[in-house]
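So the structure is just underneath, and the comments pick up after that.
Number of protein chains: 2
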Amino acid sequence: VLKAEIAAEFRSLVGEDWFLTAPEDLATYSYDAFIKEFQPDAVILPADRAEISKMMRVASREKINIIPRGAGTNLCGNTVARQGGIVLDLNRLNKIIEIDTANLCAVVQPGVINADLQKAAAQFGLMFGPDPASMMACTIGGNVALNAGGPRALKYGVTRDNLLGLEVVLTSGDIIRTGGKTIKNVTGYDLTRLLCGSEGTLGIITEIIAKLVAVPPQRKTFLASFASLYDVARSVSSIIGSAIIPAALELMEKVLIDLVKNYAGLIFPEDAEAVLLIEIDGDEDSIQSMSHRITEICFEENALRVDSASTPKEAERLWQARRAVGPAARMARPLVFSEDATVPVSKLPDIIQKIAELRQKHRLMVGVLAHAGDGNLHPIFMADMNDTDEMERLEQFIQEMYEATIAMGGTLSGEHGIGIAKAKYMPLEYNAAAIEIMRGIKKVFDPHNILNPGSFL
Amino acid sequence: VLKAEIAAEFRSLVGEDWFLTAPEDLATYSYDAFIKEFQPDAVILPADRAEISKMMRVASREKINIIPRGAGTNLCGNTVARQGGIVLDLNRLNKIIEIDTANLCAVVQPGVINADLQKAAAQFGLMFGPDPASMMACTIGGNVALNAGGPRALKYGVTRDNLLGLEVVLTSGDIIRTGGKTIKNVTGYDLTRLLCGSEGTLGIITEIIAKLVAVPPQRKTFLASFASLYDVARSVSSIIGSAIIPAALELMEKVLIDLVKNYAGLIFPEDAEAVLLIEIDGDEDSIQSMSHRITEICFEENALRVDSASTPKEAERLWQARRAVGPAARMARPLVFSEDATVPVSKLPDIIQKIAELRQKHRLMVGVLAHAGDGNLHPIFMADMNDTDEMERLEQFIQEMYEATIAMGGTLSGEHGIGIAKAKYMPLEYNAAAIEIMRGIKKVFDPHNILNPGSFL
Chain D
2 VLKAEIAAEF RSLVGEDWFL TAPEDLATYS YDAFIKEFQP DAVILPADRA
52 EISKMMRVAS REKINIIPRG AGTNLCGNTV ARQGGIVLDL NRLNKIIEID
102 TANLCAVVQP GVINADLQKA AAQFGLMFGP DPASMMACTI GGNVALNAGG
152 PRALKYGVTR DNLLGLEVVL TSGDIIRTGG KTIKNVTGYD LTRLLCGSEG
202 TLGIITEIIA KLVAVPPQRK TFLASFASLY DVARSVSSII GSAIIPAALE
252 LMEKVLIDLV KNYAGLIFPE DAEAVLLIEI DGDEDSIQSM SHRITEICFE
302 ENALRVDSAS TPKEAERLWQ ARRAVGPAAR MARPLVFSED ATVPVSKLPD
352 IIQKIAELRQ KHRLMVGVLA HAGDGNLHPI FMADMNDTDE MERLEQFIQE
402 MYEATIAMGG TLSGEHGIGI AKAKYMPLEY NAAAIEIMRG IKKVFDPHNI
452 LNPGSFL
Chain A
2 VLKAEIAAEF RSLVGEDWFL TAPEDLATYS YDAFIKEFQP DAVILPADRA
52 EISKMMRVAS REKINIIPRG AGTNLCGNTV ARQGGIVLDL NRLNKIIEID
102 TANLCAVVQP GVINADLQKA AAQFGLMFGP DPASMMACTI GGNVALNAGG
152 PRALKYGVTR DNLLGLEVVL TSGDIIRTGG KTIKNVTGYD LTRLLCGSEG
202 TLGIITEIIA KLVAVPPQRK TFLASFASLY DVARSVSSII GSAIIPAALE
252 LMEKVLIDLV KNYAGLIFPE DAEAVLLIEI DGDEDSIQSM SHRITEICFE
302 ENALRVDSAS TPKEAERLWQ ARRAVGPAAR MARPLVFSED ATVPVSKLPD
352 IIQKIAELRQ KHRLMVGVLA HAGDGNLHPI FMADMNDTDE MERLEQFIQE
402 MYEATIAMGG TLSGEHGIGI AKAKYMPLEY NAAAIEIMRG IKKVFDPHNI
452 LNPGSFL
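As given, the protein sequences belong to chains D and A, one line each in that order.
Just add 1 to the spot in the first sequence (first one is 1) and you have my numbering.
Just add 1 to the spot in the second sequence (first one is 1) and you have my numbering.
This is the structure in structure tokens:
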């Protein structure tokens with residue numbers, strides 16, 4: 002609990018309106034898109050880097066935990082006050098400072114919403130690569146802190162690949178700048194990418210230089226339907242193995258198709274066990290040759306049908322169906338969450354088979370959704386937290402799934418992050434020496450362990 | 002100087018033949034592609050990670066400096082024993098372990114030569130993005146340690162963008178693995194990219210998982226000639242500003258053209274003050290539309306001529322001329338080195354003008370060579386080390402050039418690294434707080450400061 006004089010000090014730093022301690026405010030900030038709830042002692046909403054610098058000096062002096070937060074859409078419990086402290090809401094830093102068309106980049110504050118940056122960039126025929134499913138709500142600061150991806154990461158990369166520089170307030174209150182507007186920069190250690198994906202544990206990001214790329218001249222969306230999950234998985238491996246890089250390659254299993262069929266009124270083939278939503282982009286010529294080859298591969302792997310969206314509206318409807326999976330699942334069962342197991346793409350058939358086996362064994366409602374082209378699975382688990390037996394089976398399922406993932410050369414997280422959701426699995430992927438190095442790095446940035454403590458380290 | 006019993010211990014670890022102390026061997030390892038020479042106390046050539054782990058334990062126990070080295074082609078004095086110690090030559094670890102076509106990656110040991118990896122990948126229609134000018138000699142381990150680029154970095158990125166995972170021996174002798182064969186990985190801090198570009202100061206890289214990409218179906222090379230350097234610079238800004246990404250966009254100034262004209266017998270237009278070597282790649286369709294637009298832009302910016310290579314042989318000859326600049330310059334003056342100032346591409350005309358001014362002011366032989374598309378300049382300085390006055394003017398020139406570079410929002414190094422060459426300029430780009438963080442990270446990995454000490458930190 003915060004001492005009254007310290008609370009007063011924070012309050013005077015940001016002004017009366019921007020330091021919240023009312024029970025209803027604390028309740029609002031006690032959860033994010035993950036499951037666990039922790040009530041903070043206060044919420045602070047500074048106006049700028051100077052206020053953040055000052056409040057970090059106070060927090061360091063008083064050893065008060067600070068939990069930075071954008072939109073709270075992260076899926077791993079990264080923005081909740083697990084060990085008490087103050088939630089630092091960055092949403093007042095929400096300016097798009099510059100769209101620099103000459104240097105193909107944008108300078109933005111952390112609270113800018115992904116979709117707003119996309120809109121601003123689109124006016125110049127540009128876009129920001131990462132397109133997380135939460136793009137209508139999530140912030141660029143959150144995208145950087147979590148190293149967010151999205152369907153088109155397959156072609157355009159995750160946030161780290163689309164990041165040029167940062168301004169960061171350290172726990173000491175010092176402000177540093179990393180990188181800049183140059184595409185290349187190898188001066189000193191790569192702090193930019195170290196901070197990207199650091200899940201709010203190393204510093205407070207106050208400005209971001211994001212790379213922009215040209216909006217492709219044309220796009221084409223397909224829906225390939227298959228009677229077997231393994232045929233889909235093999236199609237994906239074949240497409241990638243023949244060095245075609247679609248803009249997106251999304252796999253959806255029947256259980257999820259059925260959910261969005263009811264939800265969005267979309268028509269999918271009745272006999273499909275799984276569908277592949279494929280988007281390619283580029284020039285007319287390359288779209289044609291890719292279309293041809295992809296269709297060929299799908300039929301070689303026993304596709305039932307390959308349909309292409311004939312209008313942009315039809316294509317958008319297919320994408321809406323993809324994005325509707327989360328909300329639709331939430332209508333089916335009380336507890337819904339998406340895991341993030343990621344394997345080398347050649348192992349896609351194996352991991353999908355493994356998940357099917359585990360589903361049988363543990364009798365759970367799970368549907369595979371996947372950014373299949375980069376081996377990034379998002380199995381959607383649907384359960385009820387009040388059913389202790391089901392929750393135990395769920396726990397067991399996830400443990401076995403991650404063990405299999407790592408055994409296949411995969412990773413615990415392709416794009417959602419670790420947070421508290423998967424902290425306990427870290428030793429599956431990294432040995433003790435590597436984890437010690439990470440702890441050492443954390444200590445360099447945050448000697449008093451006040452920044453988002455109790456996270457993955 | 003190494004104690005006899007310690008030398009014996011190292012010798013017994015790797016075998017008689019692989020621990021060198023003969024004066025001629027020490028002389029061979031006393032320099033790299035930078036200027037300064039420092040004689041090591043010994044040279045060790047281990048066979049594998051196990052030997053490296055053992056020798057690092059001894060080095061840590063005895064506090065003996067270890068300087069990892071591949072081909073020694075780095076341009077910033079990164080592989081010399083500045084404070085004494087043992088040079089660790091990694092060339093025996095030279096196996097291409099796997100070309101994984103299903104996952105579009107290669108697993109290689111650090112001593113594999115870049116060109117050899119390119120050759121192995123080409124058999125499967127694949128390539129490794131980075132193509133440093135030294136690619137016939139430099140090693141992949143060196144590429145990772147220095148975060149190497151090359152002309153086609155403009156489209157295909159630098160080494161960090163083409164890196165999936167590492168195996169690293171720490172100074173403690175512990176071995177860690179980072180990343181893997183998955184395209185996406187956000188588990189824990191991004192140690193892979195922290196190690197990339199760390200210039201041999203954090204750990205010994207013993208295995209690399211490198212991303213491979215498809216060799217583009219077609220390529221086209223142009224040579225655009227201009228009567229003014231500023232017209233070239235403006236053309237580059239216009240090309241990038243219109244969101245065209247060529248595979249390479251290389252600028253060469255008259256003083257350098259004259260050198261390679263003599264050297265390679267190539268014919269360049271007589272009235273050209275500068276040329277732009279442009280390579281585009283992709284499908285026929287996109288090549289055609291890019292060709293058209295690029296030619297248009299060049300003429301809008303007053304190009305004298307735009308010629309395209311009509312055969313692959315002609316194109317290769319143009320590229321050979323580009324690569325011959327270094328050797329040709331070395332025939333002109335005794336001391337030749339290439340700087341690495343990098344600016345946002347919109348600032349290219351400004352920095353080129355600044356260099357022209359400094360050339361006048363300091364009366365030096367300097368020719369601008371540039372990976373112009375990403376604002377990465379390599380001014381080639383030609384001088385004589387025995388001319389003290391010239392050397393002083395050179396020093397002054399470089400200082401002023403980097404001050405201007407940073408003032409334009411640029412960086413000290415686009416792809417060559419910092420090493421001892423540019424250590425003293427670090428405070429121009431990073432403030433004290435950022436440098437302290439880097440020093441802290443160094444200490445986490447290397448508490449006794451035995452790994453490549455006296456480098457940029």
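Even for Gly, the Cβ is constructed at its ideal location relative to N, Cα and C.
query, result
"Cβ pair A/Asp191, D/Gly198 closer than 8 Å", "yes"
"A/Gly283 - DSSP class collapsed to helix/strand/coil", "strand"
"Contiguous alpha helix (DSSP H) assignments of at least 4 residues, all confined to the segment 378–451 of chain A", "389–408, 427–430, 433–446"
"Outcome for A/Ile100 when other beta-carbon atoms lying within 10 angstroms are tallied against a minimum of 16", "buried"
"Under 7 Å by beta carbon: chain D residues contacting A/Ser199", "Tyr190"
"Candidates A/Arg62, A/Val170, A/Met253, A/Glu280, of which the one nearest A/Phe269 by Cα", "A/Met253"
"Helix, strand or coil at D/Asp101 [DSSP, three-state]", "strand"
"Contact with chain A by D/Thr140, beta-carbon distance below 8 Å", "no"
"Residues of the segment 408–424 of chain D with Cβ closer than 7 Å to any Cβ of chain A, in chain order", "Gly410, Gly411, Thr412, Leu413, Ser414, Gly415, Glu416, Gly418, Ile419"
"Contact under 8 Å by Cβ, A/Ile353 with A/Val367", "no"
"Extent of the continuous alpha helix (DSSP H) run through D/Leu14", "5–15"
"Chain-order list of residues whose beta-carbon lies under 8 Å from that of A/Gly126 (same chain, five-residue window excluded)", "Ala215, Val216"
"Chain A contacts from the segment 118–148 of chain D (Cβ-Cβ distance under 8 Å)", "Gly126, Leu127, Leu147, Asn148"
"The segment 193–210 of chain D in contact with the segment 177–197 of chain A per 3-pair CB rule at 8 Å", "yes"
"Continuous alpha helix (DSSP H) stretch holding D/Lys185: start and end", "Per DSSP, D/Lys185 belongs to no alpha helix (DSSP H) and is neither H nor E."
"Integer Cβ distance of A/Tyr1 from A/Ala342, believed to fall under 8 Å", "Missing from the structure shown is residue 1 of chain A; chain A here goes from 2 to 458 and no further."
"Segment limits, beta strand (DSSP E) that includes D/Met253", "249–254"
"Interface flag, D/Gly376 vs chain A, CB-CB below 8 Å", "yes"
"Residue(s) in a DSSP beta bridge with A/Val369", "A/Pro380"
"Given A/Ser173 as reference, the closest of A/Ser135, A/Ile67, A/Arg306, A/Ala34 once Cα atoms are compared", "A/Ile67"
"Three-pair Cβ contact test at 8 Å for the segment 18–27 of chain A versus the segment 72–79 of chain A", "no"
"Under the three-state DSSP convention, the category D/Pro350 falls into", "helix"
"Alpha carbon of A/Leu452 to alpha carbon of A/Gly420, nearest angstrom", "13 Å"
"Nearest-angstrom beta carbon gap, D/Gly204 and D/Leu196 [assumed within contact, 8 Å]", "6 Å"
"Local Cβ density within 10 Å of D/Ser13, reported as buried at 16 or more and exposed below that", "exposed"
"Residues that DSSP places opposite D/Asp162 in a beta bridge", "Answer is none; D/Asp162 lacks a bridge partner."
"Near-chain D residues of the segment 426–458 of chain A - C-beta to any C-beta below 7 Å", "Met427, Glu430, Tyr431, Asn432, Ala434, Ala435, Ile438, Met439, Gly441, Ile442, Val445, Phe446, Phe457"
"For A/Ser347 and A/Val113, the rounded distance between their alpha carbons", "37 Å"
"Test: A/Ile281 CB closer than 8 Å to a CB of chain D", "no"
"Contacting residues, own chain, Cβ-Cβ under 6 Å from A/Ala225 (five flanking each side not counted)", "Leu277, Cys299, Ala304, Val307"
"Element boundaries [beta strand (DSSP E), containing A/Pro69]", "67–70"
"Contacts that A/Arg194 makes with chain D (C-beta to C-beta distance below 8 Å)", "Arg161, Asp191, Arg194, Leu195"
"Nearest candidate by alpha-carbon position, reference A/Thr207, set A/Lys221, A/Leu171, A/Ser229, A/Ile241", "A/Leu171"
"Enclosing beta strand (DSSP E) for D/Lys221 [first to last residue]", "219–227"
"Residues bridged to D/Phe338 [DSSP beta-bridge criterion]", "D/Phe382"
"Cβ-based burial, D/Gly16 [other Cβ within 10 Å; buried from 16]", "exposed"
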